[in-house]
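Engineer: Residues 415 to 1292 (my numbering) make up the sequence shown, in order.
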Amino acid sequence: LPAPPPRLCLAALALLVWCSAAAEALTQLKREMTWSVGRAAVYDDQHQPLTAIDPAALREAPLHARLSPSLHGWSVAGFSLRVSPVIPRASGEIHCNDFVALTVNAAVPNASHWVAAYSPAGANVTETTPTKYAILSEVDSTYTSTGTATVRFQLACMRHDYDFVLFTDDWVRRQRWMQDLTEVAVAVARSAPVTLKDADGPRKPRVVVPPGSGDEVKTGTAPPLAVVWSSGRSSTAMPALRWWVDSTIRNLTTAAAAARATYVVPAKTETYGREQLCAPPANTVGYRDIGFIHSATIFGAPHGVILRYQLVDALGGSYPSEGEPALSIAVPPLGLGSVASSQDGSSSSTEGPDSDLDRFGQTAVSPSSSAAAAAASEVAAGAASSHWSIDASLSRTSQSATGAAAAAAAAASEIDKEAHAPGFTIAMFADMGRGTRDDSKTWHEYGSPAINVSKYLNADAAAGRIGAAFLFGDLSYATGYTSVWDEWMEEITPWASRVPFMVNMGNHEFDSSPSSWPSDSPGDKYGGGDSGGECGVPATTLFPTPRAGRDAGWWAATIGPFRLVSMNTESDFSESSPQHKFLAAELAGIDRVATPWVLFAGHRPHLVDSSFGKEGPMYHVPGKDDWTDVGVALALQKTIWPLLHKHRVTASFGGHNHVYQRHCAFDPSRSTSKRPDYAAGGCVQHSTTGADGVAVYDKPGAVVNFVVGSAGAGFTKNSIGEEFAEVVLYEYGYLRLTAVNETHLVGAFQEAQDGKGVLDRFVIVQEKWAASATSGKHAASTNDEDVGGLQSEISSLRNSVWMAGTVATLEGAALIVAGVFAATTWRRRQMLQAQRGRVDAAAEGGGAYGDESRSGERADEGLMRDSRSSMSDGVDHV
415 LPAPPPRLCL AALALLVWCS AAAEALTQLK REMTWSVGRA AVYDDQHQPL
465 TAIDPAALRE APLHARLSPS LHGWSVAGFS LRVSPVIPRA SGEIHCNDFV
515 ALTVNAAVPN ASHWVAAYSP AGANVTETTP TKYAILSEVD STYTSTGTAT
565 VRFQLACMRH DYDFVLFTDD WVRRQRWMQD LTEVAVAVAR SAPVTLKDAD
615 GPRKPRVVVP PGSGDEVKTG TAPPLAVVWS SGRSSTAMPA LRWWVDSTIR
665 NLTTAAAAAR ATYVVPAKTE TYGREQLCAP PANTVGYRDI GFIHSATIFG
715 APHGVILRYQ LVDALGGSYP SEGEPALSIA VPPLGLGSVA SSQDGSSSST
765 EGPDSDLDRF GQTAVSPSSS AAAAAASEVA AGAASSHWSI DASLSRTSQS
815 ATGAAAAAAA AASEIDKEAH APGFTIAMFA DMGRGTRDDS KTWHEYGSPA
865 INVSKYLNAD AAAGRIGAAF LFGDLSYATG YTSVWDEWME EITPWASRVP
915 FMVNMGNHEF DSSPSSWPSD SPGDKYGGGD SGGECGVPAT TLFPTPRAGR
965 DAGWWAATIG PFRLVSMNTE SDFSESSPQH KFLAAELAGI DRVATPWVLF
1015 AGHRPHLVDS SFGKEGPMYH VPGKDDWTDV GVALALQKTI WPLLHKHRVT
1065 ASFGGHNHVY QRHCAFDPSR STSKRPDYAA GGCVQHSTTG ADGVAVYDKP
1115 GAVVNFVVGS AGAGFTKNSI GEEFAEVVLY EYGYLRLTAV NETHLVGAFQ
1165 EAQDGKGVLD RFVIVQEKWA ASATSGKHAA STNDEDVGGL QSEISSLRNS
1215 VWMAGTVATL EGAALIVAGV FAATTWRRRQ MLQAQRGRVD AAAEGGGAYG
1265 DESRSGERAD EGLMRDSRSS MSDGVDHV
């Protein structure tokens, strides 16, 4: 054939190059699309490793292939699975949270083999996910060559027994990274059931401020506290709380506790079922029986003392077990006055438990040699009667006013020895989750930090360094897998059982797809599936807040000198919403004398140094709200922050972005709402740092903002150095806030992963608050506007006098004296007229100032004297 023309060759070559480039582009597009689709699964895995398991892709070996199937387990040829305690007990029993060793032998080992724990034993592996799992070759790299591996699992009490299953599987497919020809994973061995001692008994106590709590400051009593716990026993077991005020701090066993009278409070019992959850996996493969949640409220306990308590039931259940130290609660002090007295070894609290405790269902009971046995008989006997009576003589004898005072003094003295610091302290943090201490697969990006944060919190609670804790959203990261809630509650029990523990909801507790919400619920604002179909049900049931029901995410509570105000950033917070109306009313009525420090918290931050959303909004679902960091912050600044600024909230807290940030005192009305220049110009005051490294906000005049999403979740490294961000730390830990008195709030960020200690210290200074003339509202003892006006007038007067001094060289000193006298006389007349106007207005308004009109008059007279003195000083200075 003749050679083609050169021009045709060039055209063919160009076409070939173009086709090659197009093919590469299509391949790249396909790769990007595949990554985009698969990224959701990978991201989910990072938050919750159980999402990597699809029960529908699992099956068990057929019966005919099993060797000697029995209650003692089974295996197929070439595989064996043996379970034994890591540290055997003399009794041969396995207790809750003990470790077991799973020893696997395989004739043909493979890197894809994995072992999983199931509870209850015998659970259908094709319908439910395991509670935990481990990939053998990741635990023991020699497994693929030796065929032998040992895996340690720690067994949390989940109210049922366990068994363990060995699977052969191509794990790459499970992670969805690439196509795999193996369509199923096959169970080739299953162990005998492993029973834990008292697995269904009372466990996992946590101290909460119960629903329905009012403003206890107005009643002059300590806030009621409730103990919430879990078990596998319904109300027919008659669960109850035994509590007493004790003067000793350490090592009081339950046997010794029975030698004194205690109070028994019958518990309320509730639970939730699969049908109450919104979507998968929560109501499908992630669901397992949560058991029963019990709660008992303690009324009338003296504030600032140590309570001892024990969880019991009529079946002989006891937590702690007999012979172990009783649990304790440090009851928060009442306001600031009690903070000082509880730290100097004496207490102003002299009241004993309420003498009319029977109206709360609390019963004083007789001493007994066996606490658990006595509890069982007492609870059974009490429940059999229509009304639980109280033995007044026992109450007066064992818990008299003198005894309560002694208990308070002893407790305060002990706490003072260990804490070595005045004031009342609360721990603030968000985004925690749970790690693992064993060989099971944990989060790809999380893990040990949550465990270590818990260890530090427990040390602080045990030593009296914190008196309460507030976790504002993203608690366990269960995201639809019930077993994770159980494991997380075991993780936090050491400290959550000691101090009041408050929570609100984040996206991983609340958010779900719009179609999954019940028809009578407005759902969340963003339409994501971050809760795994939980829709807030497990969080609000397991951790009650001061506000019951669907609105549990927004609430207020008094803890010591703090008024805590919580919002649910996942729910509607527009100005017409129920949440906004609640927050506006709550913030307007706070008693700043009794609670001079107001802390406001929601999961998503009102202000955050983040690049996410600066270029524009993003949406999970059309018609839902922008869920980016900047988008949510701007929305909160528009509707919620004006309330915080108006009512002079001390500090605002958020999480969600996994970082610790401390910001300036910020007023969004001064800043731009344009995304590229987001929050520019909003700083009212930056802190000043002294030689000691402590940052000071001196009467900042605006809300100081914090992001504390650092309690365990993997870091979100997208800060960009915004002007309002004074400190940005990618460190794990939590914030301790100590109200030293009514004018000084001390903060310390405690690093909790690498032993670095306190990484940030600051102080917020405010004016001392005094009661205003308006009932239910308070203002600072020196009003900022009055101060500013007075200072301006003094400055103006000084300038006038300086000018008069200049003129005096021309017209004589007599004119100076006349000018000063005239100015002073005019100012005095103006202030007297203003004072009379306020008094007349109060009289005409039907006593709007109430009985405080006279004190207001005296205050005005004092202000006049101070202003005259200041003006006189100014004249003398010039």
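Note that beta-carbon positions come from the ideal geometry of N, C-alpha and C, so glycine has one too.
1) For the beta strand (DSSP E) holding L580, just list the boundary residues, first then last.
2) Verify whether the separation of the beta carbon atoms of V565 and A601 is less than 8 Å.
3) To which residues does DSSP link V600 through a beta bridge?
4) What separation, rounded to the nearest whole angstrom, lies between the Cα atoms of V699 and A537?
5) Relative to the alpha-carbon of D925, which residue among G749, A603, H1059 and A693 has its alpha-carbon at the smallest distance?
6) Can you grab the Cα-Cα spacing for the pair S930 / D900, in whole Å?
7) Could you have a look at F1176 and say whether DSSP puts it in helix, strand or coil?
8) In whole angstroms, give me the CA-to-CA distance for A425 and P419.
9) So does the stretch 551 to 571 actually touch the stretch 476 to 489, counting three or more Cβ pairs closer than 8 Å?
10) Hey, how far is the Cα of S498 from the Cα of H527?
11) With the cut-off set at 8 Å, would you say H1070 and H1017 are in Cβ contact?
12) Do three or more CB pairs link the stretch 651 to 660 to the stretch 706 to 713 at distances below 8 Å?
13) Counting C-beta neighbours from all protein chains within 10 Å, is the total for L1229 16 or more, i.e. buried, or is it exposed?
14) What are the residues that DSSP puts in a beta bridge with H1077?
15) In angstroms with no decimal places, state the Cα-to-Cα distance between K618 and T983.
16) Measuring only the C-alpha atoms, how far is A728 from H486?
17) Helix, strand or coil, according to DSSP, for E684 in the structure here?
18) How far does the alpha helix (DSSP H) with A1002 in it reach, from first residue to last?
19) Going by DSSP in three states, A425 sits in which element: helix, strand or coil?
20) Taking one C-beta from the stretch 1088 to 1104 and one from the stretch 1032 to 1041 each time, how about it: are there three or more such pairs within less than 8 Å?
21) Which two residues bound the contiguous alpha helix (DSSP H) that contains W931?
22) Let's see if you can read the secondary structure: which residues bound the alpha helix (DSSP H) around A876?
23) Is the CB-CB distance between G1147 and S1124 below 8 Å?
24) Just checking my contact of L387 with V979 at CB under 8 Å: how many whole Å lie between their CB atoms?
25) Which same chain residues, not among the five before or five after L464, have their C-beta less than 6 Å away from its C-beta?
26) Quick check on DSSP: helix, strand or coil for K855?
27) Considering only residues of the same chain and omitting the five flanking positions on each side of A521, which have a CB-CB separation below 6 Å?
28) Where does R1268 sit, in a helix, a strand or coil, going by DSSP?
29) Buried or exposed for E1165, going by 16 or more other Cβ atoms inside 10 Å?
30) State buried or exposed for I880, treating a residue as buried only when at least 16 other CB atoms are found within 10 Å of its CB.
31) Below 8 Å on the Cβ atoms is my guess for A1002 versus H1061; work out the distance and round it to an integer in Å.
32) Pick from G615, S1083, S505 and P680: whose alpha carbon is nearest that of A570?
33) When burial is assigned at 16 or more other CB atoms within 10 Å of the CB, is R688 buried or exposed?
34) Alpha carbon to alpha carbon, how far is G1027 from P952?
35) Taking a contact to mean a Cβ-Cβ separation below 8 Å, would you say S911 touches V621 in this structure?
36) Regarding R848 and the ligand ZN, is the C-beta to nearest heavy atom distance less than 7 Å?
Structural biologist: This is what the structure gives:
1) Element bounds for L580: D577 to T582.
2) no
3) R473 and T582
4) In this structure, the straight-line span from the alpha carbon of V699 to that of A537 is close to 11 Å.
5) A693
6) 24 Å
7) strand
8) So the two alpha carbons sit approximately 10 Å from each other.
9) no
10) 20 Å
11) Yes. Within cutoff.
12) Yes, since at least three Cβ pairs between the stretch 651 to 660 and the stretch 706 to 713 fall closer than 8 Å, the two stretches touch.
13) Any reading at L1229 needs caution, since the residue's pLDDT is 37, under 50, leaving its predicted position unreliable; the model's value is listed next. Flag for L1229 reads exposed.
14) A1139
15) 28 Å
16) When the Cα atoms are used, A728 and H486 turn out to be separated by approximately 33 Å.
17) Of the three classes helix, strand and coil, the one that applies to E684 here is strand, per DSSP.
18) P992 to A1002
19) The answer is helix: DSSP assigns A425 an H, G or I state.
20) no
21) It is not in any alpha helix (DSSP H) - W931 carries neither H nor E in the DSSP assignment.
22) S862 to A876
23) yes
24) The question about residue 387 has no answer, for the chain in this structure spans 415 to 1292.
25) T543 and Y895
26) Reduced to three states, the DSSP call for K855 is coil.
27) G492
28) For R1268, the predicted model reports a pLDDT of 34, less than 50, meaning its position is unreliable; a value from the coordinates is still stated below. Note: R1268 maps to helix in three-state DSSP.
29) buried
30) buried
31) 6 Å
32) G615
33) exposed
34) 31 Å
35) In contact: S911 and V621 (Cβ atoms closer than 8 Å).
36) The model depicted lacks the ligand ZN and carries no ligand whatsoever.
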